[in-house]
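To start, the structure itself, in structure tokens.
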Amino acid sequence: MGCDVLLKDLVERDLFQNARYKFRVSGPLNTIPQIELASGHLAVVGLGSYGDTTSGLIKALTGSAMRRIGEDALALEDDDKIDILNLRPLQSLHLPFGHGSATEDLARRVSNWTGMLTVDSKHELLRGYERYSVSNWDGDDAEPITKETLDYAHLVMMGLPDNFGPPEASPGLDGSIALEWVPENHNKLHKLFLDIGPGSAGARIGNSVAVNSIG
Amino acid sequence: MPLREGEVAPDGDVWFRLITSESHISRGKIKHGAFKGKFLGRANSGSPYTTEISGRLRSQAGSIDEIRGHAEAYCKAKASSGQKFAGLMFCQKAAAAKVFDQFSMNVYFTPIASGPDADPAHSDIGIAGPPIVDGSPEYDRLVIELSDLLRGLHSPDQIDLLPAAIADGPRSTETPEVEPEPGAVAPDSLLTKILRFLGIR
Chain A
0 MGCDVLLKDL VERDLFQNAR YKFRVSGPLN TIPQIELASG HLAVVGLGSY
50 GDTTSGLIKA LTGSAMRRIG EDALALEDDD KIDILNLRPL QSLHLPFGHG
100 SATEDLARRV SNWTGMLTVD SKHELLRGYE RYSVSNWDGD DAEPITKETL
150 DYAHLVMMGL PDNFGPPEAS PGLDGSIALE WVPENHNKLH KLFLDIGPGS
200 AGARIGNSVA VNSIG
Chain B
0 MPLREGEVAP DGDVWFRLIT SESHISRGKI KHGAFKGKFL GRANSGSPYT
50 TEISGRLRSQ AGSIDEIRGH AEAYCKAKAS SGQKFAGLMF CQKAAAAKVF
100 DQFSMNVYFT PIASGPDADP AHSDIGIAGP PIVDGSPEYD RLVIELSDLL
150 RGLHSPDQID LLPAAIADGP RSTETPEVEP EPGAVAPDSL LTKILRFLGI
200 R
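As you go down the protein sequences, you meet chains A and B in turn.
As numbered in numbering that gives the first Met the number 0, the first sequence has no gaps in its residue numbers, which increase by one up to the final residue, 214.
As numbered in numbering that gives the first Met the number 0, the second sequence has no gaps in its residue numbers, which increase by one up to the final residue, 200.
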């Protein structure tokens, strides 16, 4: 199963299209998974196998025990409450959560973990983007990149998979932030563009061409 | 014969456009953030294309020094916050003339005689077909094409590398292919000439 499945899944679940990330935790892959809460779903994404660290974290967050159901998949003890995707090499586990006290409780517990985790270096790609916050920053009527778009881009960057390596970022003339992966090895991926914004429009995966045979 | 307004540029010509953000050039390629906003313009009614990308034609723009001077003057006049001449994006006309999906793309000579944007070397990449809406599948497709097509040069060090136009190149796409008259002798192809030279034909 390749990464094309993951991208399709992310789009279908609106994780990158319309969601506003409320909470997230990021850490070195293979040790601590990334956690994102969006659109009523908790997504746990990591490149490594789900091991004791992941199991322990999920148990701490959900209060539910996990059991291994395959080489790279876990399930909650109560299978009715979980939607499992077993993706290699980038694995994704989505837990449905509603809004309300349970979510607030989850947020509190996620916050307790943040002090232990490492800030993701992907933020470096957006260093200095504050200079695009003015109209006409290109001298040819470019739209400003708002703080809202930039803040959202930071959130999206932290949740991006690392399969294709770090993206390149560029300021969009329409006030968006344009991410793209153009690997040298076109056998795996031709190009992948991800546009963030402008404004509060969220993110859009576009121009995904021939994504297959990953991993 | 000099190029006339509205004509398709010769195959040997080069279309280019100013870049004012260094962030849009990477490893000789143009990042797709540069293709957003007002990069794509709606063509005037009566044009043979519906969408246009403004630029300049190498054959009409003079020397590299003149091109550099024009770009610097443009930035000085237009930029509001100290923008500078960051580089150029460019493509060979022959590579730009292509058909993809329901679109047909080509390079047109469109000089602007007067006004603040007067430019005797002005040129459009014109895209014929349905109007392109930002964010649509057609837009995504065009962005892919442009990303593959256009190359970038940093200023000031790389501007000298802008290719020169090859004078009097053919205008293959403005002249439809015509079947030879019955009995007419077709001109030798390069392969035929090589084979004849080798004594094979």
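Don't be surprised by glycine CBs; every beta carbon is placed ideally from N, CA and C.
From a predicted model like this one, the values you see are computed outputs, not experimental measurements.
- Separation of ALA95/B and ALA127/B (C-alpha to C-alpha, rounded to the nearest whole angstrom) is 13 Å.
- With 16 or more other Cβ atoms inside 10 Å of its own Cβ, ASP173/A counts as buried.
- Residue-level contact by beta carbon holds for SER25/B and chain A, with a gap shorter than 8 Å.
- When secondary structure is reduced to three states using DSSP, THR19/B falls in the coil class, being assigned neither helix nor strand.
- Note on ASN105/B: 16 or more other CB atoms within 10 angstroms of its CB, so buried under the neighbour-count rule.
- When rounded, the separation of the alpha-carbon atoms in LYS28/B and PRO115/B is 30 Å.
- By the beta-carbon neighbour count (other beta carbons within 10 angstroms, threshold 16), SER122/B is buried.
- By alpha-carbon distance to LEU149/A, the top candidate from ASP140/A, ALA141/A and ALA168/A is ALA168/A.
- Under the three-pair Cβ rule at 8 Å, the stretch 63-70 of chain B does not count as touching the stretch 137-152 of chain B.
- For GLY125/B, the enclosing beta strand (DSSP E) stretches over residues 121-127.
- In summary, the residues of the stretch 139-150 of chain A whose CB is separated from some CB of chain B by less than 7 Å are ASP139, ASP140, ALA141 and GLU142, in the order they occur in the chain.
- Counting every other CB atom within 10 Å of its CB across the protein chains shown gives ARG57/B a total of 16 or more, marking it as buried.
- In the structure shown, ALA70/B falls within a helical segment according to DSSP collapsed to helix, strand and coil.
- Legend: CB atoms of the stretch 136-150 of chain B lying less than 9 Å from CB atoms of chain A belong to residues PRO136, TYR138, ASP139, ARG140, VAL142, ILE143, SER146 and ASP147.
- Below the 9 Å Cβ cutoff, chain A contributes ASP173 as neighbours of ASP133/B, in chain order.
- Residues of the stretch 62-74 of chain B with a C-beta atom less than 7 Å from some C-beta of chain A are CYS74, listed in chain order.
- Between ALA33/B and ILE52/B, the CB-CB gap reaches or exceeds 8 Å.
- In this structure VAL13/B is in contact with LYS92/B, their Cβ atoms being roughly 7 Å apart against a cut-off of 8 Å.
- Flagged as an interface residue toward chain A: ALA33/B, by a C-beta distance shorter than 8 Å.
- GLY86/B is positioned such that its CB atom lies no closer than 8 Å to that of SER25/B.
- VAL181/A and ASP147/B have their C-alpha atoms roughly 11 Å apart.
- Contacts between LYS92/B and chain A, judged by CB atoms closer than 8 Å, are missing: the closest CB pair is about 23 Å apart.
- For GLY125/B, the closest of LEU145/B, LYS83/B, ALA163/B and ASP64/B by C-alpha to C-alpha distance is LEU145/B.
- The CB of PRO165/A never comes closer than 8 Å to any CB in chain B; the least such distance is about 12 Å.
- The C-alpha of ILE176/A is placed about 7 Å away from the C-alpha of ALA152/A.
- Linking ALA117/B to TYR128/A through their CA atoms gives a straight-line distance of about 33 Å.
- Closest by C-alpha distance to ALA163/B, out of ILE131/B, ALA72/B, LEU149/B and GLY61/B, is GLY61/B.
- When the five nearest sequence neighbours on each side are left out, the beta carbons in the same chain lying within less than 7 Å of the beta carbon of LEU39/B are those of THR50, ILE52 and ILE131, in order along the chain.
- The beta carbon of VAL133/A sits closer than 8 Å to the beta carbons of PRO143 from its chain, once the five residues preceding and following it are set aside; these are given in chain order.
- For the C-beta of GLU179/A, the chain B residues within less than 7 Å are, from N- to C-terminus, LYS30 and HIS31.
- Taking the CA atoms as reference points, LEU152/B sits about 27 Å from GLY5/B.
- Within the same chain, and ignoring the five residues on either side of PRO170/A in sequence, the residues whose Cβ sits closer than 7 Å to its Cβ are TYR128, TYR131, ILE144 and ILE176.
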